[in-house]
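Here's the structure we're looking at; comments come further down.
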Amino acid sequence: MAEYSRQVDAKWQRRWAETGLYSFDPDRVDEKLYCLSMFSYPSGAKLHIGHWWNYGLTDSWARMKRLQGYEVFEPMGFDAFGLPAENYAIDTGIHPRESTMTNIDTMRKQLQAMGAMFDWDYEVVTCEPGYYRWTQWLFLQLYRAGLAYRAKSPVNWCPGCNTVLANEQVHDGSCERCDAEVRQKNMTQWFFKITEYADDLLGGLDRLDWPEETKRMQRNWIGRSEGANIRFPLVGKQGEHIEAFTTRADTLFGATYLVLAPEHPLVDVLTTEKQKEEVIAYRDYAASKSERERLATEREKTGVFTGGYAEHPLTGEHLQVWIADYVLLSYGTGAIMAVPGHDERDFEFAEKFDLPIPRVIAAREDDIDDSLPYTGEGVMQNSKEFSGLTSSDGRQEVVGTLEEQGLGEETISYRLRDWLVSRQRYWGAPIPVVHCPHCGVVPVPEEQLPLTLPDEVDFTPEGTSPLAQCEEFMQTECPECGHKARRDPDTLDTFVDSSWYFLRYPDNRNEEEPFDSGWIDRMLPVDQYVGGAEHAVMHLLYARFITRVLFDLGYVNFTEPFEALVHQGVILGPDGYKMSKSRGNIVSPDDYVEEYGSDVFRLYLAFGFNYVEGGAWDDAGIQATRRFLDRVERWVNRLQTLLSNRPGSGSPQRSEITEELEYYWHNGIRKATEDAEVFQFNTAVARMMELTNALYKYDTEIPDQEKDIQLLENATRDLLLLLAPFAPHFAEEMWEIFGGEYSIFDQQWPEHDPQKLVQSEIEIAVQVNGRVRDTICIPPDASEEEIREIAESSERVQKYLTGEIKKTIVVPGRLINFVV
RNA sequence: GCCGAGGUGGCGGAAUUGGCCUACGCGUGCGACUCAAAAUCGCAUGGGGCUUUGCCCCUUGUGGGUUCGAAUCCCACCCUCGGCACCA
94 MAEYSRQVDA KWQRRWAETG LYSFDPDRVD EKLYCLSMFS YPSGAKLHIG
144 HWWNYGLTDS WARMKRLQGY EVFEPMGFDA FGLPAENYAI DTGIHPREST
194 MTNIDTMRKQ LQAMGAMFDW DYEVVTCEPG YYRWTQWLFL QLYRAGLAYR
244 AKSPVNWCPG CNTVLANEQV HDGSCERCDA EVRQKNMTQW FFKITEYADD
294 LLGGLDRLDW PEETKRMQRN WIGRSEGANI RFPLVGKQGE HIEAFTTRAD
344 TLFGATYLVL APEHPLVDVL TTEKQKEEVI AYRDYAASKS ERERLATERE
394 KTGVFTGGYA EHPLTGEHLQ VWIADYVLLS YGTGAIMAVP GHDERDFEFA
444 EKFDLPIPRV IAAREDDIDD SLPYTGEGVM QNSKEFSGLT SSDGRQEVVG
494 TLEEQGLGEE TISYRLRDWL VSRQRYWGAP IPVVHCPHCG VVPVPEEQLP
544 LTLPDEVDFT PEGTSPLAQC EEFMQTECPE CGHKARRDPD TLDTFVDSSW
594 YFLRYPDNRN EEEPFDSGWI DRMLPVDQYV GGAEHAVMHL LYARFITRVL
644 FDLGYVNFTE PFEALVHQGV ILGPDGYKMS KSRGNIVSPD DYVEEYGSDV
694 FRLYLAFGFN YVEGGAWDDA GIQATRRFLD RVERWVNRLQ TLLSNRPGSG
744 SPQRSEITEE LEYYWHNGIR KATEDAEVFQ FNTAVARMME LTNALYKYDT
794 EIPDQEKDIQ LLENATRDLL LLLAPFAPHF AEEMWEIFGG EYSIFDQQWP
844 EHDPQKLVQS EIEIAVQVNG RVRDTICIPP DASEEEIREI AESSERVQKY
894 LTGEIKKTIV VPGRLINFVV
């Protein structure tokens, strides 16, 4: 009986390794297909279901591509720097390098046991000097190109631990370790100028074969908006002005006050002696709020008057200048003109603080409710000579007038901010610059890379980046003037590591350069990228940005790194919630793999869920796939018996059952191929089950001497090929029993015969007023007239055909609908 | 709060994108095989009702709308999930 087991996995994994079956052949680069799963972060020691879900099924897709003739490049590696290893070290004293490397060893073994086609010769580990050397190189390229700069920026500061906190270490405004209230503190940080690429990144999206919702998220994240910067001269401060960005210059005459972000530099200039105390207190209050809190629109508005005034650029009116935390320094100019009549937040604010709320826009059509605040477009009023203009004309006219007077101009603003890449942490790639008292910031010469991360470092939080305490690391000489200088104590965001790893895979051993451009241009872009939707914006945007920079610098000849993208869903716990230790609903793959073998587990993941949506784990389902593989195995053995007892002279009889089998055979090939192509693995497997059922049915219903053994052999052969990507070890084993030549993965993917899908009769529904009343069988080529006749003659239909037929709708191959 | 996705039988999930709701599988029931059970093979199976060879009504989170026809499109609401720039 059932033979497939863990031992079969081991047998074929050994054979594959011995024969180098999955080694990428560079000579066939013209047929290459670069199939990439997002590499894994070695935080836990073991693979979880999510890994199997991502890697196992992407491997199935890649195996199909191999069978279709592609030279598949399927590498794997580890995103090995990052916060969890450092936190673990703080708690346990185990060095991040040690814990990370141990985890990687375990995970690599487990990934091998999965039986995927990963070619480990191309492995990449981001925390190894051989890799981060080139991450540092990348930093230097951006620096030279003027795309890396230093600026002050607020960070989460825990006064208790004396350290910078990640957002996830802040709970309800307090530090997760010591409970102290977290403050926003300005620190000098390195940035990459991703905003310079905002329009390119936006434009590049259109062409990509990515999920529309992901593109939409990226577009929203970039948040391009066209508008104007308008200058409001400060009253009594000659030459100084507030610059405010607005998309609604047509509402300028409705601006009754201005609001600055509390951190805005002009606040000090504007604040009067009388208001000083209040302003300082409010700034302090704002520093305790996170950005997300500040942006919550439902929160009650807060703010204080600075005591200062600015002039309206067109009326000369004096406008109060306030500060409020709903205005962010990081967006636009950090200042807004408040138009309470036509903006929800300004309206709320003005009501609360009793500021005037004039109307300057009226709806154009009467039936629209334009009670204030009216945020729609319309016709300008109470706007001097601009009154009567439409919003869109008005915007142009107003900005034009301002421009003539030097008080404003058209501007495009982005929600996207520059990428903050420095981290005050140990476990990352050191930033390769030197701070020299004479020369300032000096890049480390490329030939001195890698700038190695020292091992002997005390990484418990001490108020600075851990590396700052390591004199051995910090002390250096200026590469330019040779005087004593200090190194930069910060490390790079791990997103920098992962924003170019796909470029390193194909040339991972290169010690001269990050990659050979000529080679990489042939290997990339990635043909299919698969990874979680949680990376829809940040990782995927950063990787696109870096690729474009390298394109502009002449290192690669493509602008987009990932041609096609699929997000796998999430497998939830049996209770329908996300698996987590705290919920205690974690399902570990190990026990299942041990009991059933890798293929049963992989096949269940393929069959039991929608790949893009994921779903709750269900124990019962895995039995079903076990049973299915057993059923296939019994059939393969049964076929061997039939073959050895092949009746000498008996000639095969054609029948309905034969036609049915042929239909399921070829329909199975067609649909399984189409569905697997677009990652619809569950329906692909369903078609294989149907083919298996049809083989059983044929076997039970047709007497042995009348069986078409050739037909059975061909259909079975194709079934095994279809199944191979999803149950690779099992399929090799069956292929061997079947008498096929090693390896099944060197065979050709089957093709369907359209002839076999033509049916002599098709069934369509007959509706009356849109309700199904009967079904009829018609020849596939029947004319509308014929269909109508057959349908009308049905007794069941006639019952409902009372009165005159007003209309008849025929959907070919589907239904006919009478409207009475 | 903002951006994005989702909600279909007892269960996992299908549905050619506006055209027979529930493919395939699980579970359940019945039958065959068996001394018996398991395994296996086959058949049936959305819910309710009736005058039960058959017929009628209802059904895709909730409520409304558009249409000959809606799981699919529109409006409002409820719930779940992903992201929100220092988790990766």
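Residues in the first sequence are numbered from 94 upward in steps of one, following the working numbering. Built from N, CA and C at the ideal position, the CB exists for glycine as well.
Margin query: By the three-class DSSP mapping on this structure, what secondary structure does A824 have?
Written below: Within the first sequence, numbered from 1, the residue matching residue 824 stands at position 731. It is helical.
Note to self: One question on the structure: do K125 and M616 come within less than 8 Å of each other, judged by their Cβ atoms?
What the structure shows: Sequence index remark: in the first sequence, residue 125 carries index 32 (1-based). Sequence index remark: in the first sequence, residue 616 carries index 523 (1-based). The answer is yes: Cβ separation under 8 Å.
Margin query: Among the candidates T307, V372, Q489, Q517, whose CA atom is the shortest distance from the CA of T504?
Written below: As a position in the first sequence, residue 504 is number 411, starting the count at 1. Residue Q489 holds the alpha-carbon nearest to the alpha-carbon of T504 among T307, V372, Q489, Q517.
Notebook entry, point to check: What does a CB cutoff of less than 8 Å around M94 pick up in its chain, not counting 5 residues either side in sequence?
Noted result: Residue numbering aside, residue 94 sits at position 1 when the first sequence is read from its first letter. Legend: pLDDT at M94 = 41, less than 50; position of this residue unreliable, no value from coordinates given.
Next item on the list: Can you have a look at K900 and say buried or exposed, based on whether 16 or more other CB atoms are within 10 angstroms of its CB?
Entry: If you number the first sequence from 1, residue 900 lands on position 807. Exposed, since its Cβ has fewer than 16 Cβ neighbours within 10 Å.
Note to self: Just to confirm the assignment, what range does the alpha helix (DSSP H) spanning S610 have?
What the structure shows: Taking the first sequence and counting its residues from 1, the one referred to as residue 610 is at position 517. Segment 610 to 616, the alpha helix (DSSP H) holding S610.
Next item on the list: Determine which residues share a DSSP beta bridge with D302 and list them.
Entry: As a first step, residue 302 is located in the first sequence; it is residue number 209 there, counting from the start. For D302, which the question treats as bridged, DSSP gives the partners A657.
Check: Got a sec, what are the start and stop residues for the alpha helix (DSSP H) E437 sits in?
Finding: Stepping through the first sequence from its first residue, residue 437 is reached at position 344. Run containing E437: 437 to 446, per the alpha helix (DSSP H) assignment.
Next item on the list: Could you tell me the distance, in whole angstroms, from the CA atom of R108 to the CA atom of M207?
Entry: Numbered from its first residue, the first sequence carries residue 108 at position 15. Numbered from its first residue, the first sequence carries residue 207 at position 114. Answer to the nearest angstrom: the Cα atoms are 15 Å apart.
Margin query: Judging by CA-CA distance, which residue of C128, S153, S480, Q100 is the nearest neighbour of L696?
Written below: As a first step, residue 696 is located in the first sequence; it is residue number 603 there, counting from the start. The residue with the shortest Cα to Cα distance from L696 is S153.
Checklist line | Reduced DSSP category for G347 - H, G, I as helix; E, B as strand; rest coil | finding: Sequence index remark: in the first sequence, residue 347 carries index 254 (1-based). G347: helix per DSSP, three-state reduction.
Note to self: Please return the same chain residues whose Cβ sits closer than 7 Å to the Cβ of Q234, not counting the five positions on each side in sequence.
What the structure shows: Here residue 234 is taken as the residue at index 141 of the first sequence, counted from 1. Counting only Cβ-Cβ distances below 7 Å, and skipping sequence neighbours, we find L646.
Notebook entry, point to check: Using DSSP with H/G/I as helix, E/B as strand and the rest coil, what is L894?
Noted result: Position 801 of the first sequence, counting from 1, holds the residue named residue 894. Three-state result, L894: coil.
Notebook entry, point to check: By Cβ distance below 6 Å, which residues in the same chain neighbour Q848 in space, the five residues on each side in sequence not counted?
Noted result: Here residue 848 is taken as the residue at index 755 of the first sequence, counted from 1. Here the set comprises nothing.
Notebook entry, point to check: Can you tell which of E806, I902, W758, W710 has its C-alpha closest to the C-alpha of I141?
Noted result: The residue you call residue 141 lines up with position 48 of the first sequence. Sequence inspection shows His at residue 141; the Ile mentioned does not correspond to that position. Checking every option, the nearest Cα to that of H141 belongs to W710.
Check: What residue range is occupied by the uninterrupted alpha helix (DSSP H) comprising I287?
Finding: Counted from its first residue, the first sequence places residue 287 at position 194. Counting along the chain, I287 falls outside any alpha helix (DSSP H), and DSSP gives it neither H nor E.
Next item on the list: Report the rounded CA-to-CA distance for D590 versus L814, giving the unit in angstroms.
Entry: Position 497 of the first sequence holds residue 590. Position 721 of the first sequence holds residue 814. The straight-line gap from Cα to Cα measures roughly 39 Å.
Check: By Cβ distance, which residues of its chain are closer than 8 Å to T195, with the 5 residues on each side in sequence left out?
Finding: Residue 195 sits at position 102 when you count from the first residue of the first sequence. Here the set comprises A138.
Next item on the list: Would you kindly work out how many angstroms separate the C-alpha atoms of Y224 and E319, rounded to a whole number?
Entry: In the first sequence, counting from the first residue as 1, residue 224 sits at position 131. In the first sequence, counting from the first residue as 1, residue 319 sits at position 226. Roughly 41 Å between the two C-alpha positions.
Notebook entry, point to check: Does the region 574 to 588 come within contact of the region 517 to 531, defined as at least 3 CB pairs closer than 8 Å?
Noted result: yes
Margin query: Can you list, in chain order, the residues of its chain with a C-beta nearer than 8 Å to that of I898? Leave out the 5 residues immediately preceding and following it.
Written below: As a working note, residue 898 is residue 805 in the first sequence. Cβ neighbours of I898 beyond the five flanking positions: F911, V912, V913.
Next item on the list: Could you please give the first and the last residue of the uninterrupted beta strand (DSSP E) stretch that includes P449?
Entry: For this step, residue 449 is matched to residue 356 along the first sequence. Premise fails: P449 is in no beta strand (DSSP E) and is neither H nor E.
Check: Do C571 and C529 have their C-beta atoms closer together than 8 Å?
Finding: On the first sequence, position 478 is the one that residue 571 refers to. On the first sequence, position 436 is the one that residue 529 refers to. For C571 and C529, yes; Cβs fall inside 8 Å.
Check: Do V372 and I416 have their C-beta atoms within less than 8 Å of each other?
Finding: As a working mapping, residue 372 is identified with position 279 in the first sequence. As a working mapping, residue 416 is identified with position 323 in the first sequence. In terms of Cβ geometry, V372 and I416 form a close pair [threshold 8 Å].
Margin query: Could you tell me which whole beta strand (DSSP E) segments of length 3 or greater appear in the region 687 to 766?
Written below: Runs found: 707 to 709.
Margin query: Could you tell me the alpha carbon to alpha carbon distance between R156 and R810, rounded to whole angstroms?
Written below: Residue mapping note: residue 156 aligns to position 63 of the first sequence, counting from 1. Residue mapping note: residue 810 aligns to position 717 of the first sequence, counting from 1. Approximately 17 Å, taken between the alpha carbons.
Note to self: Would L465 and F440 be called neighbours here (beta carbons separated by less than 8 Å)?
What the structure shows: The residue given as residue 465 occupies position 372 in the first sequence. The residue given as residue 440 occupies position 347 in the first sequence. Against a cut-off of 8 Å, the Cβ pair of F440 and L465 comes out as a contact.
Checklist line | Contact set for V101: own chain, Cβ-Cβ below 6 Å, skip 5 residues either direction | finding: Within the first sequence, the letter at position 8 stands for residue 101. Answer for V101: H822, E826, listed in chain order.
Item checked: Limits of the alpha helix (DSSP H) - the one that A777 falls within -> Taking the first residue of the first sequence as position 1, residue 777 is located at position 684. Bounds of the alpha helix (DSSP H) holding A777 are 774 to 794.
Margin query: Between the alpha carbons of Q161 and D839, how many angstroms are there, rounded?
Written below: Reading the first sequence from its first residue, position 68 is the one you call residue 161. Reading the first sequence from its first residue, position 746 is the one you call residue 839. Cα-Cα distance, rounded: 10 Å.
Item checked: Sufficient close CB pairs (3 or more, under 8 Å) joining the region 550 to 558 to the region 175 to 187 -> yes
Next item on the list: Indicate whether the contact test is met: 3 or more Cβ pairs, each with one atom in the region 247 to 255 and one in the region 264 to 283, closer than 8 Å.
Entry: yes
Margin query: Comparing C-alpha positions only, which one of D684, E794, S381, T652 sits nearest to R300?
Written below: The residue labelled residue 300 in the question sits at position 207 within the first sequence. Looking from the CA of R300, the closest CA among D684, E794, S381, T652 belongs to T652.
Check: Along the chain, where does the beta strand (DSSP E) that runs through T569 open and close?
Finding: Here residue 569 is taken as the residue at index 476 of the first sequence, counted from 1. From DSSP, the beta strand (DSSP E) with T569 extends over 568 to 570.
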